[in-house]
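Visitor: Quick one: structure below, then a few questions.
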Amino acid sequence: MTAESVVVAGTGVVVAVDNGAFKNVASVHDVCVLCLTTFALALFAAQTPQGQDGAFQLRVNEAIDRGAAWLKKLQNADGTWNDGHTDRFKNGVAALGFLTLVKSGAGEHDPSIQKCLHYFDEYKAFDKTYSTGVYMMAIESLKRGVVDKPRLEAAAKWLVEHQDRTSRLWAYPEENPDASNTQYALLGLHAAWRVGVDVPKEVVFATVNAIVKMQQKEGCFSYRDPNDIGIGSMTTAAICALRIAATELKGFPAYEARKTEWEDAEKAAFQWLERHFRVDANPAGFSTKGGMRVWHYYYLYGLERACAMASKSKLGAHSWYREGAEYLLSMQDAAGHWKNDFVDTCFALLFLKRATLTWSPDPKADLGDVVGPPAGEVAWKRPPEPKPDVPFITNWLVCGSFLTKKSEPFGKDEIGETTIKNPKDGDAAGASSKHWKKVSTDQKTLVLDKVLPPFDGAFAYAYANIIVKKDADAILWIGHDDCARAWLNGKLIYENESYGEYANPDAYFARVKLRSGSNAFLVKVYDSGYDCGLVARFSAPDGSRVE
84 MTAESVVVAG TGVVVAVDNG AFKNVASVHD VCVLCLTTFA LALFAAQTPQ
134 GQDGAFQLRV NEAIDRGAAW LKKLQNADGT WNDGHTDRFK NGVAALGFLT
184 LVKSGAGEHD PSIQKCLHYF DEYKAFDKTY STGVYMMAIE SLKRGVVDKP
234 RLEAAAKWLV EHQDRTSRLW AYPEENPDAS NTQYALLGLH AAWRVGVDVP
284 KEVVFATVNA IVKMQQKEGC FSYRDPNDIG IGSMTTAAIC ALRIAATELK
334 GFPAYEARKT EWEDAEKAAF QWLERHFRVD ANPAGFSTKG GMRVWHYYYL
384 YGLERACAMA SKSKLGAHSW YREGAEYLLS MQDAAGHWKN DFVDTCFALL
434 FLKRATLTWS PDPKADLGDV VGPPAGEVAW KRPPEPKPDV PFITNWLVCG
484 SFLTKKSEPF GKDEIGETTI KNPKDGDAAG ASSKHWKKVS TDQKTLVLDK
534 VLPPFDGAFA YAYANIIVKK DADAILWIGH DDCARAWLNG KLIYENESYG
584 EYANPDAYFA RVKLRSGSNA FLVKVYDSGY DCGLVARFSA PDGSRVE
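So the sequence shown is numbered by my numbering: it starts at 84 and just counts up by one.
As structure tokens, this is what we get:
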């Protein structure tokens, strides 16, 4: 047999084959893992029309390769990375890069992995929950088993000792305990458990029991305060904890007594994710307390983990993997990164690689329905960016502000939101006591809290007429700080409860239809505190101007 390269579908791995033997594979173990992976994927492929998904998988594999190459290029000589968090989380950043490269196909003898191993050979003093948990996941991901058991025993011991004894959750360990640190502590302990470390069942039970008590009546979970609106990333974190409990606590009397209740909690959490499903943002990423990032790509990795661990290929009508992958593929820079951000690039690669696949309780499960076109695929795929000559809206009519409860950022309809048509400067805003005010800006962004009375904890409206020569498909490009809804000719076309982002141009998009003549464009923006802004424009589907 002549030498040739074989792409192992779904792995992002290219293996050289010469005379029937695998080459460039680190060990016999790697060959076995590769063969098992190929076999499992063959079972999946046998259920689908042959070749129907090949082009998509090739795009994913190429994206993974480009992203991994970008990470390797940025790696420091000592095995670490610089990402802006290294003042507090040098070890955690190094572990995240380590984990991502291994999951992306780098073997133990890859030079970048050797740098990581050399760095972590000196890693003795555990000090942070995130860093320790991700370190444990990275070490376990090498699949060296008993070789790494002493390392994982020491790390597990540190985590158990640093669990908060009152809440039974984990903190940084400074500051107060939260669901995110807790998730990564459990992930680290689960990694240790997978290589035979004796993880105290009482610790896992007490933690998951505490997390279940944080669930809100809608089924979601928040970061720390149960009174905060639940968000996708923390809801997936709770599902992860429940899945770990279902795996590790089988037969444990306390778990068996609560099993039905916890299964119901997981079911409710998934139902919330189905109702709020999106891949372009962290669902309902709004905090009533302030100071919280949306953590979009962190959520996507959490979505992958929750669905993989629960053997779910779909959330309602949504093929979560295909839709998420299409979104990430559309957002990757040609250089291989996402947003030139190390952490987001790692999370994107871990999602695309389906890094939690091997953690599924059912190895034959279909963990990502990649045969398309799935529901929502076209809707999530990012269109071509607007060309430089596509104008931003700079002439607005604004009115407000209207106070609202922090738990209800959009409050009630104050002006007849679906019936607004061509208001004028000074006109009364519906039945409210407010009036429309004309505002023109020579900048892209309309800074609402500079043109209206201070309105922290309130919302305001902005209106513009969009005039086109003929009916046309178009893309609304929008950025906002904080939450926003938008209507076009009385129809709701956009809604995003994200908190913590600035009003960045072209941050989000929606596919719309403009009609010949004047189109009524209304935006409602909620401000929880600090700055409040809006930036918007319309392009043709190919990124050109709409005439």
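Backbone N, C-alpha and C define an ideal beta-carbon position, used for all residues, glycine too.
Going straight from the alpha carbon of E580 to that of F209, what length do you get?
Guide: Residue 580 sits at position 497 when you count from the first residue of the sequence shown. Residue 209 sits at position 126 when you count from the first residue of the sequence shown. Taking the straight line from one Cα to the other gives about 37 Å.
Visitor: Where in the stretch 274–326 do unbroken runs of the alpha helix (DSSP H), each at least 4 residues long, occur, reported from the N-terminal end onward?
Guide: Whole alpha helix (DSSP H) segments, 4+ residues: 284–295.
Visitor: Hey, A152 and G162 are a contact pair by Cβ (cut 8 Å); roughly how many whole angstroms apart?
Guide: On the sequence shown, position 69 is the one that residue 152 refers to. On the sequence shown, position 79 is the one that residue 162 refers to. With 8 Å as the limit, A152 and G162 do not qualify as a contact, their Cβ atoms being about 17 Å apart.
Visitor: Just the Cα atoms here: how many angstroms apart are P467 and T249?
Guide: For the purposes of this step, residue 467 is taken as the residue at position 384 of the sequence shown. For the purposes of this step, residue 249 is taken as the residue at position 166 of the sequence shown. If I take the Cα positions, the gap works out to 51 Å.
Visitor: With which residues is D564 paired in a DSSP beta bridge?
Guide: Walking along the sequence shown from the start, residue 564 turns up at place 481. For D564, which the question treats as bridged, DSSP gives the partners G616.
Visitor: Take the Cβ of T439 as the centre, count every other Cβ of all protein chains shown within 10 Å, and call the residue buried at 16 or more, exposed below.
Guide: The residue labelled residue 439 in the question sits at position 356 within the sequence shown. T439 is buried by the Cβ-count criterion.
Visitor: Grouping DSSP H, G and I as helix and E and B as strand, with all else coil, what is W479?
Guide: Your numbering for residue 479 matches position 396 in the sequence shown. If DSSP states are grouped into helix, strand and coil, W479 belongs with the strands.
Visitor: In whole angstroms, give me the CA-to-CA distance for S627 and I558.
Guide: Along the sequence shown, read from residue 1 onward, the residue named residue 627 stands at position 544. Along the sequence shown, read from residue 1 onward, the residue named residue 558 stands at position 475. Using only the alpha carbons, I get a separation of about 10 Å.
Visitor: Straight-line CA distance for L432 to A619?
Guide: Within the sequence shown, the letter at position 349 stands for residue 432. Within the sequence shown, the letter at position 536 stands for residue 619. Rounded to whole angstroms, L432 to A619 spans 30 Å at the Cα level.
Visitor: Check whether the stretch 223–235 and the stretch 182–194 are in contact - that is, three or more C-beta pairs closer than 8 Å.
Guide: Verdict: yes, contact present.
Visitor: Can you tell me whether DSSP reads V608 as helix, strand or coil?
Guide: Position 525 of the sequence shown, counted from the start, is the residue given in the question as residue 608. Of the three classes helix, strand and coil, the one that applies to V608 here is strand, per DSSP.
Visitor: If you measure between the beta carbons of A569 and L529, is that distance less than 9 Å?
Guide: As a working mapping, residue 569 is identified with position 486 in the sequence shown. As a working mapping, residue 529 is identified with position 446 in the sequence shown. Cβ atoms of A569 and L529: not closer than 9 Å.
Visitor: Could you tell me whether the stretch 305–318 touches the stretch 328–342, where touching means 3 or more Cβ pairs closer than 8 Å?
Guide: Contact between the stretch 305–318 and the stretch 328–342 is absent, because fewer than three Cβ pairs lie under 8 Å.
Visitor: Would you mind reading off the limits of the beta strand (DSSP E) that contains K574?
Guide: The residue labelled residue 574 in the question sits at position 491 within the sequence shown. Start and end: 574–579.
Visitor: When DSSP builds the beta bridges, which residues end up paired with G600?
Guide: The residue given as residue 600 occupies position 517 in the sequence shown. V551, per the DSSP bridge assignment.
Visitor: Kindly list the residues whose CB is nearer than 7 Å to the CB of V243, restricted to its own chain and excluding five residues on each side of it in sequence; keep chain order.
Guide: To locate residue 243, count along the sequence shown from 1; it is residue 160. Same-chain partners within the cutoff: P283, V286.
Visitor: So what's F209 in DSSP terms, helix, strand or just coil?
Guide: For the purposes of this step, residue 209 is taken as the residue at position 126 of the sequence shown. If DSSP states are grouped into helix, strand and coil, F209 belongs with coil.
Visitor: If we count the other Cβ atoms within 10 Å of its Cβ and call it buried at 16 or more, is R575 buried or exposed?
Guide: Position 492 of the sequence shown, counted from the start, is the residue given in the question as residue 575. Just to set this straight, residue 575 is Leu in the shown sequence, not Arg. So L575 ends up on the exposed side.
Visitor: Should L531 be labelled buried (16 or more other beta-carbon atoms within 10 Å of its own) or exposed?
Guide: Counting from 1 along the sequence shown, the entry for residue 531 is found at position 448. The residue is buried, with at least 16 neighbouring Cβ atoms inside 10 Å.
Visitor: In whole angstroms, what is the alpha-carbon distance linking A567 and A239?
Guide: By one-based count along the sequence shown, residue 567 stands at place 484. By one-based count along the sequence shown, residue 239 stands at place 156. Near 43 Å, if we compare the C-alpha coordinates of A239 and A567.
Visitor: Helix, strand or coil: how does DSSP classify A352 here?
Guide: Counting from 1 along the sequence shown, the entry for residue 352 is found at position 269. Correct three-state label for A352: helix.
Visitor: Alpha carbon to alpha carbon, how far is D589 from P474? Give it in angstroms, no decimals.
Guide: Position 391 of the sequence shown holds residue 474. Position 506 of the sequence shown holds residue 589. When rounded, the distance between both Cα atoms is 12 Å.
Visitor: Taking the beta strand (DSSP E) that A232 belongs to, which residues open and close that run?
Guide: Residue mapping note: residue 232 aligns to position 149 of the sequence shown, counting from 1. Residue identity differs from the one stated: residue 232 is Lys in this sequence, not Ala. Not the beta strand (DSSP E): K232 falls in the alpha helix (DSSP H), residues 232–244.
Visitor: Need the endpoints of the alpha helix (DSSP H) that S195 sits in, please.
Guide: Taking the first residue of the sequence shown as 1, we reach residue 195 at position 112. Residues 194–204.
Visitor: At which residues does the alpha helix (DSSP H) containing A534 begin and terminate?
Guide: As a first step, residue 534 must be located in the sequence shown, where it is residue number 451. Reading off the sequence shown, one finds Val at residue 534, where the question assumed Ala. Run containing V534: 531–534, per the alpha helix (DSSP H) assignment.
Visitor: When you compare each of Y410, E349, H359 to S394 by their alpha carbons, which one comes out closest?
Guide: The sequence position of residue 394 within the sequence shown is 311, counting from 1. It is E349 whose Cα lies nearest to the Cα of S394.
Visitor: Between I147 and chain C, is any beta-carbon pair separated by less than 9 Å?
Guide: Looking for chain C here will not work: only one protein chain is present.
Visitor: Apply the 10 Å Cβ neighbour rule to K397 and answer buried if 16 or more other Cβ atoms are within range, or exposed otherwise.
Guide: For the purposes of this step, residue 397 is taken as the residue at position 314 of the sequence shown. Buried, since its Cβ has 16 or more Cβ neighbours within 10 Å.
Visitor: By how many angstroms is the C-alpha of A586 removed from the C-alpha of R361?
Guide: As a first step, residue 361 must be located in the sequence shown, where it is residue number 278. As a first step, residue 586 must be located in the sequence shown, where it is residue number 503. The alpha-carbon atoms of R361 and A586 are separated by roughly 20 Å.
Visitor: Using the C-alpha atoms, what's the distance from Q266 back to A324?
Guide: Counting from 1 along the sequence shown, the entry for residue 324 is found at position 241. Counting from 1 along the sequence shown, the entry for residue 266 is found at position 183. If I take the Cα positions, the gap works out to 7 Å.
Visitor: Take K470 as the anchor and find which of A623, I327, A541 has the nearest alpha-carbon.
Guide: Taking the first residue of the sequence shown as 1, we reach residue 470 at position 387. Of A623, I327, A541, the residue nearest in Cα terms is A623.
Visitor: Please report how far the alpha carbon of C709 lies from the alpha carbon of K296, in whole angstroms.
Guide: Missing from the structure shown is residue 709; the chain here goes from 84 to 630 and no further.
Visitor: Can you grab the Cα-Cα spacing for the pair S88 / A418, in whole Å?
Guide: Translated into the one-based positions of the sequence shown, residue 88 becomes position 5. Translated into the one-based positions of the sequence shown, residue 418 becomes position 335. Confidence at S88 is low in this model, with a pLDDT of 31, below 50, so the placement of that residue should be treated as unreliable; the coordinate-derived value is given next. Going by the C-alpha atoms only, they are around 24 Å apart.
Visitor: CA-CA distance, G513 and L383?
Guide: Taking the first residue of the sequence shown as 1, we reach residue 513 at position 430. Taking the first residue of the sequence shown as 1, we reach residue 383 at position 300. About 40 Å.
Visitor: Comparing alpha-carbon positions, which option in Y613, N423, S195 lies nearest D539?
Guide: For the purposes of this step, residue 539 is identified with residue 456 of the sequence shown, where counting begins at 1. Selected option, being the one with the closest Cα: Y613.
Visitor: Quickly, what does DSSP pair S523 with across the bridge? List them, please.
Guide: Position 440 of the sequence shown, counting from 1, holds the residue named residue 523. In DSSP, S523 forms a bridge with N478.
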